[in-house]
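Residue numbers (numbering that gives the first Met the number 0): 0 to 266.
For glycine and all other residues, C-beta sits at the position ideal for the given N, C-alpha and C.
In this text, all values refer to a predicted model and were calculated from it rather than measured experimentally.
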Amino acid sequence: MRDFTLKSYQSLIEAFQKAGYQFRSFEEMMTAPSEGKVVVMRHDVDELAWNALKMAQLEHELGVKATYYFRVVKQSNVPEVIEEIVRLGHEIGYHYEDLVLAEGNEQKAIELFEEHLAYFRQYYPVRTISMHGSSSSKFDNRLLWQNRQMADYGLIGEPYLSLDFHKVFYMTDTGFAWDGGKYAARDVVESGFDLKFHTTQQVVACIQQGNYPDRAMILAHTLWTDSWFQWYWLHFREFFRNNVKLIAKKNRFVGDLYGKLVKLYWK
Ligand SMILES: [Zn+2]
């Protein structure tokens, strides 16, 4: 059976609901710490914004509030999609990459950040942000905060900086697997949990057995699809990309070429 479809996403949400978990937006988790079992569904919309809308609609039908982070690039920043996701009652945040856009120039980066934050605040009173990993760049977007306070920008949360992943279990769908972290360049956290999953079905089984942690943040990108064609295309692309990344680590020529192609795609 194909995994990482909207159907498997629904099975995951329903398993949490049956086990008594509450869904909270990240903003809510930061402002009103609640008792009991809580999951934050976080979506970094790197691309395929229309897929994000499909996930948002499904969550809405299931009574789930989630958090969506948008980038400024055209593959993510689609006004109709953002407006509709806000209308469905979800939280919107900024998936920032300004230090990379400014090629490491901190002053320029913070100016861009302010401009982009103001842009997304036209749609929603944004209070949380998440960094984009920018795996092909040498700059780490998080370093924007090494000499600044988020609070000065009216922000209350950035998952990588505000959460203690020894207390909140963190799971991400990188590479169409829940244990694909080896392909992530920066989206890596130090976990206090000794749990490993590969398929969504394994996660569901763990929830049903009552062995899943009480607090979790789940990062699901927008690659979940019921479309047969899109599913196979995205899986092929992921397989190809991950292998090129692994080769690029050892071979500088392949690395440079890959970096150029990635830049071209996001132009
Ligand atoms: Zn990202």
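Excluding sequence positions up to five away, which residues of its chain have a Cβ less than 7 Å from the Cβ of residue i?
i	result
Leu154	Arg126, Thr127, Ile128
Met216	Val39, Arg41, Pro158, Leu162, Val167, Tyr169
Ala101	Lys107, Ala108, Leu111
Glu189	Phe164
Alpha carbon to alpha carbon, what distance is there between residue j and residue i?
i	j	result
Lys6	Ala176	16 Å
Trp232	Leu47	13 Å
Tyr264	Gly35	44 Å
Phe22	Met40	7 Å
Ala108	Lys262	18 Å
Phe192	Arg214	11 Å
Leu160	Asn50	27 Å
Arg120	Asn250	42 Å
Ser136	Gln16	39 Å
Gly258	Tyr211	38 Å
Ser33	Val85	23 Å
Glu13	Thr221	19 Å
Met0	His165	33 Å
Gln229	Phe235	10 Å
Met149	Gly254	34 Å
Glu79	Lys266	21 Å
Leu256	Leu142	26 Å
Asn241	Phe252	16 Å
Ala31	Phe25	10 Å
Of all Cβ atoms in chain D, is any one closer than 8 Å to the Cβ of residue i?
i	result
Arg23	The structure shown contains no chain D, having only a single protein chain.
Taking the alpha-carbon of residue i as reference, which of the options has the nearest alpha-carbon?
i	options	result
Ala117	Ala65, Phe69, Glu27	Phe69
Glu281	Gly254, Lys73, Phe119, Val63	The first residue shown for the chain is 0 and the last is 266, placing residue 281 beyond what the model contains.
Asp45	Ala31, Gln207, Ser33, Gln74	Gln74
Ile206	Leu61, Val37, Met149	Val37
His3	Gln148, Val99, Glu237	Checking the sequence, you will find Phe at residue 3 rather than His. With distances taken between Cα atoms, Phe3 lies closest to Glu237.
Ala18	Gly209, Arg240, Gly88, Ala247	Gly209
Compute the distance between the beta-carbons of residue i and residue j, then report whether it is under 8 Å.
i	j	result
His94	Asp172	no
Asn140	Met130	yes
Ile81	Tyr122	yes
Glu83	Leu111	no
Glu105	Thr66	no
Val203	Ser10	yes
Val99	Ser133	yes
Phe138	Gly103	yes
Return the chain-ordered list of same chain residues with a C-beta closer than 8 Å to the C-beta of residue i, the five sequence neighbours on each side being excluded.
i	result
Asp178	Lys195, Phe196, His197
His115	Val71, Tyr93, Tyr95, Asp97
Tyr8	Met54, Leu57, Thr199, Ala219, Trp223
Glu113	Tyr152
Trp144	Glu157, Leu160
Val77	Ala48, Trp49
Gly88	His59, Lys64
Since residue i sits in a beta bridge, which residues does DSSP pair it with?
i	result
Asp255	BP columns for Asp255 are empty, so no partner.
Ser129	His94
Leu218	Arg41, Thr171
Thr66	Arg41, Glu90
Phe22	Val38
Gly209	Paired residues: none, contrary to the question.
Quick one: what's got a C-beta closer than 6 Å to residue i's C-beta in the same chain, skipping five residues either side?
i	result
Met29	Ile155, Gly156
Asp225	Thr4, Leu5
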